[in-house]
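Trainee:
Protein chains: 2
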Amino acid sequence: MSKVKAVSMNDMQPSLYLPRFLPYRLTKLSGMISRSLAAKYSKMFDLTIAEWRIVALLGSNPGLTAREIAPLASLDKVSISRAVDRLSKSGRLEKRILKGDRRSAALYLTRAGKTMLAEIIPLAQNYEDQLLAEFSPDEIEMLDSFLNRLDATADALG
Amino acid sequence: MSKVKAVSMNDMQPSLYLPRFLPYRLTKLSGMISRSLAAKYSKMFDLTIAEWRIVALLGSNPGLTAREIAPLASLDKVSISRAVDRLSKSGRLEKRILKGDRRSAALYLTRAGKTMLAEIIPLAQNYEDQLLAEFSPDEIEMLDSFLNRLDATADALG
DNA sequence: AAAAAGTAGTTTCATTTGAAACTTTAATCC
DNA sequence: GGATTAAAGTTTCAAATGAAACTACTTTTT
């Protein structure tokens, strides 16, 4: 190998264009969306993202336990414990110790919790609709499938 | 309005299926990817995400200042200040106070910084390639355009 | 040209986060 | 059936984060 070639190879700097790097783009996008949603609605209802997710889940799945919520909401048990605590202190959620296992509690929205959820859902739905306003139904379906595939791949790589 | 109808309307609970809610999906996806990348490479090079972004940017844009980096890396000035501090303490980055404005410094990768970047880029690139391995070139192009559009829309909504 | 206002980057401080340790209860093992 | 191991949630503690205050300098105003 010639000296010239060796030098040129050492100097070769691979480069990476950050704004096109998928992990960066996804983080940036999800950050913008989360901040935007939090600014609009979390403040309005005094709700963290973890709390919002739990309330949304309990809306359609009343009686879930903390452990069951974890994978469905992608939250760890510490976050869930704190969120549940706050939600139950603010009277939006009720814990019912399980007959069969007293370490665990089935979680239910109270009337106040349901009322709040009924107010938030249209706002959340509307935000999502705005995000996708310029997408055709076909495009939405494609985006959906892309996200599912990326999710599965990322899961496999993790 | 009949009594029956009124009751049924009060009981009507709108519901939101969390796993299909775009903000949730994006946050989950970007979290999985970031954690996976961090586990693999950030540890390996003792590099936070902010540091990685700054190094990547300086690789192709030597001499940027902290203020210029902020929008390019989507980082706030506090994060940049800390990341730059750590990078310069570990000898990967060098600050050169600007002649014209002594509050500000042009930032450059040192030789060590460049060497490290040259090692990471192929790994990062490879990770992205794996994520997209099942996507055809056309699909990649579509994904790219979807992300750009979502980015622009989210920006407008924020 | 001194005073006021603004900017680049740093530091401080209070909050958020998550891993590890802990408590209580349940299941499994001699 | 008492001892051991495991599981559900909670608490603790240390690190990460980010808003606000601060420092050092520059620009604008009068």
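The listed protein sequences derive, respectively, from chains Y and W. Under our numbering, the first residue of the first sequence is numbered 1, with each subsequent residue one higher. Under our numbering, the first residue of the second sequence is numbered 1001, with each subsequent residue one higher. We treat Cβ as the ideally placed atom computed from N, Cα and C, and that holds for glycine. All values reported here derive from a predicted model rather than from experimental measurement.
1) So does the region 64-80 of chain Y actually touch the region 118-134 of chain Y, counting three or more Cβ pairs closer than 8 Å?
2) Rounding to the nearest angstrom, what Cα-Cα distance links Arg1053/W and Arg1035/W in this structure?
3) List the endpoints of the continuous beta strand (DSSP E) containing Lys96/Y.
4) Is it buried or exposed, Leu98/Y, if we count other Cβ atoms within 10 angstroms and call 16 or more buried?
5) Extract the residue ranges of the alpha helix (DSSP H) inside the region 13-83 of chain Y, only unbroken runs of 4 or more that lie entirely within it.
6) Assign Pro1137/W to buried or exposed, taking buried as 16 or more other Cβ atoms, counted over all protein chains shown, within 10 Å of its Cβ.
7) Rank Pro1122/W, Gly1158/W and Leu1150/W by C-alpha distance to the C-alpha of Tyr17/Y and give the top, closest one.
8) Within 10 Å of its beta-carbon, does Ser1074/W have 16 or more other beta-carbons around it, so buried, or fewer, so exposed?
9) Out of Asp101/Y, Arg102/Y and Asp46/Y, which one is the CA nearest neighbour of Lys89/Y?
10) How is the beta strand (DSSP E) around Leu1107/W delimited, first residue to last?
11) Can you tell me which of the three DSSP states Ser88/Y falls into?
12) Considering only their Cβ atoms, is the gap separating Leu29/Y from Leu1150/W smaller than 8 Å?
13) Write down the C-beta distance between Met1083/W and Ala1050/W rounded to the nearest angstrom, noting that I regard them as a contact closer than 8 Å.
14) Quick one: does Lys1099/W have its CB under 8 Å from some CB of chain Y?
15) Less than 8 Å between CB atoms is the rule here; does Leu1025/W satisfy it with respect to chain Y?
16) By the criterion of Cβ-Cβ separation under 9 Å, what are the contact partners of Glu68/Y in chain W?
17) Could you have a look at Gly158/Y and say whether DSSP puts it in helix, strand or coil?
18) Taking DSSP as the reference, what is the three-state secondary structure of Ala1152/W?
19) Can you tell me whether Leu1100/W is helix, strand or coil according to DSSP?
20) When Cβ atoms are compared, which residues of the region 1091-1121 of chain W fall closer than 7 Å to chain Y?
21) May I have the straight-line CA-CA distance separating Ala1006/W from Lys1043/W, to the nearest angstrom?
22) Enumerate in chain order the residues of its own chain whose CB-to-CB distance from Ala105/Y is below 8 Å, with the five nearest sequence positions on each side excluded.
23) Going straight from the alpha carbon of Val55/Y to that of Leu109/Y, what length do you get?
24) Leu132/Y by DSSP, collapsed to three states: which one?
Mentor: According to the data block:
1) Contact fails between the region 64-80 of chain Y and the region 118-134 of chain Y, because fewer than three Cβ pairs, one in each stretch, are under 8 Å apart.
2) The count along the second sequence starts at 1 and reaches residue 1053/W at position 53. The count along the second sequence starts at 1 and reaches residue 1035/W at position 35. Their Cα atoms are separated by approximately 15 Å.
3) Numbered from its first residue, the first sequence carries residue 96/Y at position 96. A small fix is needed here, since residue 96/Y is Arg in this sequence, not Lys. Annotation for Arg96/Y: the continuous beta strand (DSSP E) segment containing it runs Leu93 to Ile97.
4) Reading the first sequence from its first residue, position 98 is the one you call residue 98/Y. Label assigned to Leu98/Y: exposed.
5) The alpha helix (DSSP H) runs of length 4 or more contained entirely in the region 13-83 of chain Y are, from start to end of the chain, 22-37, 49-60 and 66-73.
6) For the purposes of this step, residue 1137/W is identified with residue 137 of the second sequence, where counting begins at 1. Counting Cβ neighbours within 10 Å, Pro1137/W comes out exposed, since fewer than 16 surround it.
7) In the first sequence, the residue the question calls residue 17/Y occupies position 17. Closest option to Tyr17/Y, Cα to Cα, is Pro1122/W.
8) Position 74 of the second sequence, counted from the start, is the residue given in the question as residue 1074/W. When all chains shown are included, Ser1074/W counts as buried.
9) Taking the first residue of the first sequence as position 1, residue 89/Y is located at position 89. That would be Asp46/Y, whose Cα lies nearest to the Cα of Lys89/Y.
10) Counting from 1 along the second sequence, the entry for residue 1107/W is found at position 107. Residues Ala1105 to Leu1109.
11) Position 88 of the first sequence, counting from 1, holds the residue named residue 88/Y. Ser88/Y sits in a helix when the DSSP states are folded into three classes.
12) As a working note, residue 1150/W is residue 150 in the second sequence. As a working note, residue 29/Y is residue 29 in the first sequence. In this structure, Leu29/Y lies closer than 8 Å to Leu1150/W by Cβ.
13) Taking the first residue of the second sequence as 1, we reach residue 1083/W at position 83. Taking the first residue of the second sequence as 1, we reach residue 1050/W at position 50. Contrary to the premise, residue 1083/W reads as Ala rather than Met in this sequence. Contact between Ala1083/W and Ala1050/W holds: their C-beta atoms lie close to 4 Å from each other, under 8 Å.
14) In the second sequence, counting from the first residue as 1, residue 1099/W sits at position 99. For Lys1099/W, the answer is no, since every Cβ of chain Y falls outside 8 Å of its Cβ.
15) Here the question's residue 1025/W lines up with position 25 in the second sequence. The sequence given here has Arg at residue 1025/W, not Leu. Any Cβ of chain Y closer than 8 Å to the Cβ of Arg1025/W would place that residue at the interface, and such an atom is present.
16) On the first sequence, position 68 is the one that residue 68/Y refers to. Chain W residues near Glu68/Y: none, gap ~13 Å exceeds 9 Å.
17) Position 158 of the first sequence, counted from the start, is the residue given in the question as residue 158/Y. For Gly158/Y, the secondary structure class from DSSP, reduced to helix, strand or coil, is coil.
18) Stepping through the second sequence from its first residue, residue 1152/W is reached at position 152. In the structure shown, Ala1152/W sits in a helix (DSSP, three-state: H, G or I).
19) Residue 1100/W sits at position 100 when you count from the first residue of the second sequence. The question names Leu, but residue 1100/W is Gly in the sequence shown. Note: Gly1100/W maps to coil in three-state DSSP.
20) Within the region 1091-1121 of chain W, contact with chain Y at the beta-carbon level (separation under 7 Å) is assigned to Lys1114, Ala1118 and Ile1121.
21) Translated into positions along the second sequence, residue 1006/W becomes position 6. Translated into positions along the second sequence, residue 1043/W becomes position 43. Because Ala1006/W carries a pLDDT of 49, less than 50, the predicted location of this residue cannot be relied on, and the following value inherits that uncertainty. Straight-line measurement puts the Cα of Lys1043/W at about 59 Å from the Cα of Ala1006/W.
22) Looking up residue 105/Y in the first sequence gives position 105. Answer for Ala105/Y: Thr65, Ala66, Lys95, Arg96, Ile97 and Leu98, listed in chain order.
23) Residue numbering aside, residue 55/Y sits at position 55 when the first sequence is read from its first letter. Residue numbering aside, residue 109/Y sits at position 109 when the first sequence is read from its first letter. The straight-line gap from Cα to Cα measures roughly 7 Å.
24) Numbered from its first residue, the first sequence carries residue 132/Y at position 132. Three-state result, Leu132/Y: coil.
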